[in-house]
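J.: Using our numbering, the first residue of the sequence shown is number 74, and each one after it goes up by one. Even glycine gets a Cβ: it sits at the ideal position worked out from N, Cα and C. Fair warning: this is a prediction, and the values are worked out from it, not measured in the lab.
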Amino acid sequence: MNRFDHVLAIETSCDDTSVAIVAADGEVKAMVAVNQDQEHRPFGGIVPEIASRNHSKNLLFQLEQALEKAKMDWSGIDGLAITSRPGLVGSLLVGVITGKTLAMVYQKPFVGVNHLEGHILAPLLRDQTTAPPENFSAPFLSLVVSGGHSSIYYVEDIGKYRLLGETVDDAAGEAFDKFAKMAGLGFPGGIEVDRRAQKGNAEAYLFPRGKVKGKPLSFTFSGLKSSAQRKLAELSKEEIKANIDDLCASYQQAIVDALIEKMKLAIEETGASRISITGGVSANSGLRRAANELASQRNLQLALPALRYCTDNAAMIGYAGILKLRRGEESGASLAPSPHSLEGDFVV
Ligand code: KG4
Ligand code: ZN
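#1: Alpha carbons only, please: which of 167, 182, 370, 285 is nearest the one belonging to residue 122?
#2: For residue 105, which residues of its own chain have a beta-carbon under 6 Å away from its beta-carbon, when the five flanking residues on both sides are left out?
#3: Is residue 374 helix, strand or coil by DSSP?
#4: Can you round the beta-carbon distance between residue 241 and residue 285 to whole angstroms, since I take them to be within the 8 Å contact cut?
#5: Return the chain-ordered ranges of every alpha helix (DSSP H) run that is complete within the stretch 145–214 and spans a minimum of 4 residues.
#6: Is residue 292 helix, strand or coil by DSSP?
#7: For the ligand ZN, any of its heavy atoms closer than 6 Å to the Cβ of residue 38?
#8: Just checking, does the stretch 379–394 make contact with the stretch 190–207 on the three C-beta pairs under 8 Å criterion?
#9: Would you kindly report the start and end of the unbroken alpha helix (DSSP H) that includes residue 333?
#10: CA-CA distance, residue 368 and residue 356?
#11: Would you check whether the ligand KG4 has a heavy atom nearer than 6 Å to the C-beta of residue 208?
#12: Residues in its own chain within less than 7 Å of residue 100 by CB, not counting five upstream and five downstream?
#13: Could you give the DSSP three-state label for residue 392: helix, strand or coil?
#14: Is there at least one non-hydrogen atom of the ligand ZN closer than 6 Å to the beta-carbon of residue 215?
#15: For residue 184, count the other beta carbons within 10 Å of its own beta carbon; 16 or more makes it buried, fewer makes it exposed. Which is it?
#16: So what does residue 107 bridge to, in DSSP terms?
#17: Cβ-heavy atom distance between residue 159 and the ligand KG4 below 6 Å?
#18: Name the residue from 127, 124, 212 whose alpha carbon lies nearest to the alpha carbon of residue 344.
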């Protein structure tokens, strides 16, 4: 018998505030998540100070709501899982201090979780309406693509992850958001580019598929961004407006092709037969279509988590955290936030 059956998890690494209660088999008993897009939109990007202020405003209410939703009280919570890195330090600080204080008050063990391990394990979450593909488990390849990250990991086993490649400049979500901003589509722009791309011709404009010399599994999106910037500068406001769907479709295709290309190489390198894509960009319809095609062509098992588990959420942190606690990994009172992952943090 393991003493960790349910944990309460807190995620405040960026601009989403989320609390969840998760069981050891990945079942999400309750999850509450509030995004702050409205608050940051007028500034065209995430303002760290506004993000942390909103976390501190929302978090305690969300804790109550999560317990209520799960029909549980603190007596049923065996520990806490708290995102401690990487992320915006001011944002992380709100979750870390709140979590440690609750752990002290209710006398529960707690563990700091690397946000990226959460994204990697998100495909294994289940609730009343979603579950992983049957028998989906490690080893699998994981593409994590969000506003802050673009990385490919080989999940040898739970808790044993090999980083195969990552971006050398912008993250895929950032590449979407920057293009949307340049083209006047607002913030966050990924979803808007996707919506317009669905009506456009992806071959109308030729944008580069970034390659990093000597690092075939690394991503680069800076050349793509500059190329789009040049193209937009060549066109008049009217031309941009008239061709916006084609511009979005062509730009999106360049990102999707680059991501899928690296996945293909990683599949060849590892011999993986299971793949997953998580992070906010995995909501992209073009990427989902291409991933499904790749999986069916190569007879691979593909896990694309429900959108609520792809974007930043506490359920994925709870699952990563409960597995850590069950392995005997606990954090101490000195747990502190860090903007970066730390050496030997969670990758082997
Ligand atoms: O995982 P996430 O919610 O937060 C981070 O950890 O960054 O990801 C947010 C990112 C943003 O860059 C947003 O523009 C992008 O995911 N995104 C999309 C789509 N939906 C969200 N990008 C492309 N297509 C979408 N449908
Ligand atoms: Zn994230």
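T.: Looking at the coordinates:
#1: Along the sequence shown, read from residue 1 onward, the residue named residue 122 stands at position 49. For residue 122, the closest C-alpha among the options 167, 182, 370, 285 is that of 167.
#2: Within the sequence shown, the letter at position 32 stands for residue 105. Apart from the 5 residues on each side of it in sequence, residue 105 sits with its Cβ closer than 6 Å to the Cβ of 92, 135, 138, 139 in its chain, given in chain order.
#3: Residue 374 sits at position 301 when you count from the first residue of the sequence shown. In the three-state DSSP reduction, residue 374 falls in the strand class (E or B).
#4: Start at 1 with the first residue of the sequence shown, and residue 241 comes out as number 168. Start at 1 with the first residue of the sequence shown, and residue 285 comes out as number 212. The C-beta distance from residue 241 to residue 285 rounds to 5 Å, short enough to fall under 8 Å.
#5: You should have 162–179, 188–194.
#6: Indexing the sequence shown from 1 puts residue 292 at position 219. Strand, per DSSP.
#7: What the structure shows of the chain is the stretch from 74 to 421, and residue 38 is not part of that stretch, so it cannot be assessed.
#8: Contact between the stretch 379–394 and the stretch 190–207 is present: three or more C-beta pairs spanning the two stretches fall below 8 Å.
#9: On the sequence shown, residue 333 is found 260 positions in, with the first residue counted as 1. Note, residue 333: alpha helix (DSSP H), 310–343.
#10: For the purposes of this step, residue 368 is identified with residue 295 of the sequence shown, where counting begins at 1. For the purposes of this step, residue 356 is identified with residue 283 of the sequence shown, where counting begins at 1. The C-alpha of residue 356 is placed about 17 Å away from the C-alpha of residue 368.
#11: Against the sequence shown, residue 208 aligns to sequence position 135. Every heavy atom of the ligand KG4 is 6 Å or more from the Cβ of residue 208, so no.
#12: Taking the first residue of the sequence shown as position 1, residue 100 is located at position 27. Hits under 7 Å: 199, 200.
#13: As a first step, residue 392 is located in the sequence shown; it is residue number 319 there, counting from the start. Three-state DSSP puts residue 392 in a helix.
#14: Here residue 215 refers to the residue found at position 142 of the sequence shown. The nearest non-hydrogen atom of the ligand ZN is 6 Å or more from the C-beta of residue 215.
#15: To locate residue 184, count along the sequence shown from 1; it is residue 111. Per the 10 Å Cβ criterion, buried.
#16: Residue 107 sits at position 34 when you count from the first residue of the sequence shown. According to DSSP, residue 107 bridges with 90.
#17: As a first step, residue 159 is located in the sequence shown; it is residue number 86 there, counting from the start. Not under cutoff, so the answer is no.
#18: Position 271 of the sequence shown, counted from the first residue, corresponds to residue 344. Looking at the Cα atoms, 212 is the closest of the given residues.
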